[in-house]
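Since the structure comes first, as structure tokens, the remarks are kept for the end.
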Amino acid sequence: DTGVSQDPRHKITKRGQNVTFRCDPISEHNRLYWYRQTLGQGPEFLTYFQNEAQLEKSRLLSDRFSAERPKGSFSTLEIQRTEQGDSAMYLCASSLGRQAVYGYTFGSGTRLTVV
Amino acid sequence: DQQVKQNSPSLSVQEGRISILNCDYTNSMFDYFLWYKKYPAEGPTFLISISSIKDKNEDGRFTVFLNKSAKHLSLHIVPSQPGDSAVYFCAASVNNDMRFGAGTRLTVKP
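First to last, the sequence lines map onto chains A and B.
The number in this note's numbering is simply the position in the first sequence, starting from 1, with 35 added.
The number in this note's numbering is simply the position in the second sequence, starting from 1, with 1 added.
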């Protein structure tokens with residue numbers, strides 16, 4: 036068990052470019068979550084998958100954002116036509132079921148800077 | 002809508018003393034409350050949780066207290082150690098929704 040892996044760790048992109056992040060959850064975890072964290076704030080929910088099905092999306096997830104989890108394993112988060120306001124830490128987490136008692140396992144995040 | 006609030010952005014305590022981190026929430030439907038710890042350049046790490054049907058949960062040096070009538074929870078760390086220096090996030094959960102507070106940066110001075 037190597038934990039939740041996120042790639043890349045850092046990404047600097049020019050405004051208007053598209054970016055894609057990858058998350059590899061813990062292999063036996065059926066749930067995968069994407070959160071966004073900006074400076075001085077806690078993680079904000081973006082979306083979650085149960086296996087390959089995307090079951091919930093936050094209104095924070097504008098139509099420029101899309102997430103996939105093909106085959107219920109790794110997930111990708113794509114941001115099209117990036118804006119400076121998209122600069123944030125993007126966190127991925129996974130769990131086996133709801134895991135309210137033991138919480139989610141988070142990755143180290145991908146820090147996006149839009150210039 | 003900020004349903005989970007941590008009103009103290011920072012806290013500094015002396016090694017060996019008690020650290021008390023506070024959290025308030027507004028949604029009475031939350032049924033689990035959690036504390037996460039975050040070091041720089043790492044993701045949040047689960048620390049301890051409490052069900053809404055309990056008022057206290059203890060795990061070693063960490064104790065979480067829940068006051069449902071006041072919609073308030075706190076994390077006590079006794080004794081505090083320099084390695085406890087980190088950002089602590091309070092989180093509250095109902096169904097598939099988990100909301101986080103903005104975090105409190107704890108500094109434990111040797």
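Idealized CB from N, CA, C, for every residue including glycine.
> Expressed to the nearest angstrom, what Euclidean distance is found between the alpha-carbon atoms of A:PRO43 and B:HIS77?
Replying inline: Counting from one through the first sequence, the residue named residue 43 of chain A turns up at place 8. Counting from one through the second sequence, the residue named residue 77 of chain B turns up at place 76. Their backbone Cα atoms lie some 36 Å apart in a straight line.
> Which residues mark the beginning and the end of the beta strand (DSSP E) in which A:ARG146 is found?
Replying inline: As a first step, residue 146 of chain A must be located in the first sequence, where it is residue number 111. 145-149 is the span of the beta strand (DSSP E), which, as asked, contains A:ARG146.
>> Is it buried or exposed, B:ASP60, if we count other Cβ atoms within 10 angstroms and call 16 or more buried?
In response: In the second sequence, residue 60 of chain B corresponds to position 59, counting from 1. Exposed: under 16 other Cβ atoms inside 10 Å.
> According to the neighbour-count rule (16 or more other Cβ atoms, all chains shown, within 10 Å of its Cβ), is A:LEU126 buried or exposed?
Replying inline: The count along the first sequence starts at 1 and reaches residue 126 of chain A at position 91. Per the 10 Å Cβ criterion, buried.
> Can you list the residues of chain A that B:TYR89 reaches, using a CB-CB cut of under 7 Å?
Replying inline: Along the second sequence, one-based indexing puts residue 89 of chain B at 88. Think of a sphere of 7 Å around the beta carbon of B:TYR89: no beta carbon from chain A falls inside it, the nearest being about 10 Å out.
>> I need the DSSP call for A:ASP42, collapsed to helix, strand or coil.
In response: To locate residue 42 of chain A, count along the first sequence from 1; it is residue 7. DSSP places A:ASP42 in strand when its eight states are reduced to three.
> Under 9 Å Cβ-Cβ, which residues of chain B neighbour A:PHE141?
Replying inline: The residue given as residue 141 of chain A occupies position 106 in the first sequence. Neighbours of A:PHE141 on chain B, chain order: TYR37, LYS39, GLU43, GLY44, PRO45, THR46 and PHE47.
> Tell me which same chain residues have a C-beta within less than 6 Å of the C-beta of B:ALA103, skipping the five on either side of it?
Replying inline: Translated into the one-based positions of the second sequence, residue 103 of chain B becomes position 102. Only GLN7 meet the Cβ criterion.
>> What does the alpha-carbon distance come out to for the pair B:PRO10 and A:LEU81?
In response: Position 9 of the second sequence, counted from the first residue, corresponds to residue 10 of chain B. Position 46 of the first sequence, counted from the first residue, corresponds to residue 81 of chain A. In a straight line, the C-alpha of B:PRO10 is about 24 Å away from that of A:LEU81.
>> Is A:ILE131 close to chain B? Criterion is C-beta to C-beta, closer than 7 Å.
In response: Position 96 of the first sequence holds residue 131 of chain A. Going by the sequence as given, residue 131 of chain A is Leu instead of Ile. False, the Cβ-Cβ gap to chain B never drops below 7 Å.
>> Cutting at 7 Å between CB atoms, please list the residues of its own chain near A:SER143, excluding the five before and the five after it.
In response: Reading the first sequence from its first residue, position 108 is the one you call residue 143 of chain A. Hits under 7 Å: GLN41 and ARG44.
> First and last residue of the beta strand (DSSP E) that includes B:ASN68?
Replying inline: Residue mapping note: residue 68 of chain B aligns to position 67 of the second sequence, counting from 1. It spans 63-68 - the beta strand (DSSP E) in which B:ASN68 sits, taken as one unbroken run.
> At a CB-CB cut-off below 7 Å, which residues of chain A make contact with B:PHE101?
Replying inline: In the second sequence, residue 101 of chain B corresponds to position 100, counting from 1. Neighbours of B:PHE101 on chain A, chain order: GLY77 and PRO78.
> Quick one, which of A:GLY120, A:ASP121, A:GLN119 and A:ALA102 has its alpha-carbon nearest A:GLU113's?
Replying inline: For the purposes of this step, residue 113 of chain A is taken as the residue at position 78 of the first sequence. Answer by Cα proximity: A:ALA102.
> Which residues mark the beginning and the end of the beta strand (DSSP E) in which B:TYR33 is found?
Replying inline: For the purposes of this step, residue 33 of chain B is taken as residue 32 along the second sequence, with counting starting at 1. 33-39 is the span of the beta strand (DSSP E), which, as asked, contains B:TYR33.
>> For a test of the three-state rule: what should DSSP assign to A:ASP121, helix, strand or coil?
In response: Sequence index remark: in the first sequence, residue 121 of chain A carries index 86 (1-based). Three-state DSSP puts A:ASP121 in a helix.
>> Here's the rule I'm using: 16 or more other beta-carbon atoms within 10 Å means buried, otherwise exposed. How should B:TYR40 be labelled?
In response: Residue 40 of chain B sits at position 39 when you count from the first residue of the second sequence. B:TYR40 is exposed by the Cβ-count criterion.
>> Distance check for B:GLN15 and A:PHE100, CA to CA, integer angstroms please.
In response: As a first step, residue 100 of chain A is located in the first sequence; it is residue number 65 there, counting from the start. As a first step, residue 15 of chain B is located in the second sequence; it is residue number 14 there, counting from the start. Going from the Cα of A:PHE100 to the Cα of B:GLN15 covers about 45 Å.
>> Suppose contacts are defined by Cβ-Cβ distances below 7 Å. Is B:SER53 in contact with B:ASP32 by that definition?
In response: Within the second sequence, residue 53 of chain B is the residue found at index 52, counting from 1. Within the second sequence, residue 32 of chain B is the residue found at index 31, counting from 1. Yes.
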